[in-house]
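Numbering (this note's numbering), first residue to last: 773 to 1234. A short worksheet on the structure shown next.
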């Protein structure tokens, strides 16, 4: 048995209670969920009509929730209806329609971390453990005085939640707050949290053993449970937020790619937005995303803002097909930035968009760390060529600031007038405002190969 297997066995046996999901528990926390609805009178909605089959299924779900102490019988003046959503396997998903309660609830502005900052925090680390909390929301209690507001009705009864219900407007904020406070000592140092997903990361196996032990001990003390089938322990690559992550690279997960490939050509605006949104999640991995996406962006943007009738023409279908081809034929991955190595930022601006590539020259070759793009506004499209190229540099520096602000940056541009721009006082002031001082602008002749130029060349005829 190798060292990693020994540590895996140690972790599972030492913290067996955390992995035991045979009996549901409600976590101990000083931050129960609160529903602030002001002076609004209670809302009461009649149950939706159900077939006999659906009523039996609904009562079966209610009985399970009662047995697990997730809900209790209610005499509340509040009531919301239940939605039964049929799943692909023929079973039903139990959901409470809390939209009317949400409309009168004061919003909790607690921040959610961005997927990108969480993923890039894992860079350069060798060992990963991912913990998925079992029915995470159901482990967070609701303050006693607000339980009545979560009440729901079926054709056969009236119930209310003891714990955080899916569909409550502030549920994600409450859950993230609880987890951030619970794991505050290690957060960002060796653990990141996105709702019910916890990732522990370390440079060495011994260090990882200690980190995992600390986190599991905290979860155990707070009565949290994790779902064993969804956990990865002491792995050297991990799937997190739709990406496969190693010490050096990040790429999309095959499961998410297959889900996109299964989407048929859109026939409605919502279907087009769904496809565009799923592709957009991986835009940082696709070098010519901006150019390919333009026909899709045009149709979704025009239909949404100008209320045009939805259309799907040959150019939209071509973009749709090209994206799917890229997902199946291209090697989509990026290297994590190394702040100890100087960066090369190549920027370019066309009549309609800004594009950039962030690279690093290492001992093993040139590595791509980021692709960035931005569509220009109507006003920005009226800028002169020099103003657009300068805007490209400024915008890209600002977007990439978290990764490159503390490093030296060589900025490549094919626009000769910009080669001395870093000496002009206005640009220097702007660069200092966004946190840069160690940069240099280099004129790259068009005759030399420039990947960024390729990404925007097709715009020159517009």
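Virtual Cβ for every residue (Gly too), placed ideally from N, Cα, C.
Query, Result
"Beta-carbon separation (whole angstroms), residue 915 vs residue 984, contact threshold 8 Å", "With a Cβ gap of about 32 Å, residue 915 and residue 984 do not count as contacting."
"Residues sharing a beta bridge with residue 1143, DSSP", "1129"
"Three-state secondary structure assigned by DSSP to residue 1166", "helix"
"Beta-carbon contacts of residue 955 that lie in its chain and below 8 Å, excluding the five residues immediately before and after", "963, 965, 970, 987, 990"
"Short CB-CB distance (under 8 Å) between residue 880 and chain D", "Reference to chain D is not applicable here, since this structure consists of a single protein chain."
"Alpha carbon of residue 1021 to alpha carbon of residue 890, nearest angstrom", "14 Å"
"Cβ contact (3+ pairs, closer than 8 Å) linking the stretch 813 to 829 and the stretch 846 to 862", "yes"
"The stretch 988 to 1008 contacting the stretch 785 to 794, beta-carbon criterion three pairs below 8 Å", "yes"
"Residue 1229 (DSSP reduced to helix, strand or coil)", "For residue 1229, the predicted model reports a pLDDT of 44, less than 50, meaning its position is unreliable; a value from the coordinates is still stated below. DSSP places residue 1229 in helix when its eight states are reduced to three."
"Three-state class that DSSP yields for residue 1121 in the structure shown", "strand"
"Cβ pair residue 953, residue 803 closer than 8 Å", "yes"
"As assigned by DSSP and simplified to three states, the class of residue 1205", "With a pLDDT of 49 at residue 1205, under the threshold of 50, the predicted position of this residue should be treated as unreliable, and no value is reported."
"Completely contained alpha helix (DSSP H) runs for the stretch 810 to 857, where each covers 4 or more residues", "824 to 839"
"Backbone secondary structure at residue 895 - three-state DSSP", "coil"
"Of the residues 873, 1011, 830, 913, the one placed nearest residue 927, counting alpha carbons only", "830"
"Limits of the unbroken beta strand (DSSP E) element including residue 1023", "1021 to 1024"
"Contact check, residue 824 vs residue 933, beta carbons under 8 Å", "no"
"Contact check, residue 1125 vs residue 1062, beta carbons under 8 Å", "yes"
"Inter-residue spacing [alpha-carbon to alpha-carbon] between residue 993 and residue 917", "26 Å"
"DSSP bridge partner residues for residue 902 (one or two, in chain order)", "971, 1004"
"Buried/exposed call for residue 839, threshold 16 Cβ in 10 Å", "exposed"
"Own chain partners of residue 880 with C-beta closer than 6 Å, once the 5 adjacent residues on each side are dropped", "942, 945"
"Three or more C-beta pairs below 8 Å linking the stretch 1086 to 1094 and the stretch 1104 to 1113", "no"
"Best match in 1177, 1027, 1173, 922 for proximity to residue 877 [C-alpha to C-alpha]", "922"
"Whether residue 938 touches residue 797 by CB criterion (8 Å)", "no"
"Opening and closing residue of the alpha helix (DSSP H) in which residue 914 lies", "Taken as a continuous stretch (DSSP letters only), residue 914 belongs to no alpha helix (DSSP H), as it is neither H nor E."
"contact_flag[the stretch 1037 to 1044, the stretch 1052 to 1066] where n(CB pairs < 8 Å) is 3 or more", "no"
"Separation of residue 1005 from residue 898, as counted between CA atoms", "12 Å"
"Span of the beta strand (DSSP E), counted from its first residue to its last, around residue 1016", "1015 to 1017"
"Helix, strand or coil at residue 1161 according to DSSP, with G and I counted as helix", "helix"
"Supposed contact pair residue 1130 and residue 1148 - C-beta distance, whole angstroms, cut 8 Å", "Residue 1148 to residue 1130, Cβ: 20 Å. No contact."
"Alpha helix (DSSP H) runs wholly inside the stretch 862 to 886, at least 4 long, in chain order", "871 to 875"
"Whether residue 998 touches residue 924 by CB criterion (8 Å)", "no"
"Cross-strand partners of residue 1071 (DSSP beta bridge)", "Its beta-bridge partners do not exist; DSSP assigns none."
"Residue from 1051, 935, 909 with nearest C-alpha to residue 947", "909"
"Host beta strand (DSSP E) of residue 929 (start-end)", "929 to 933"
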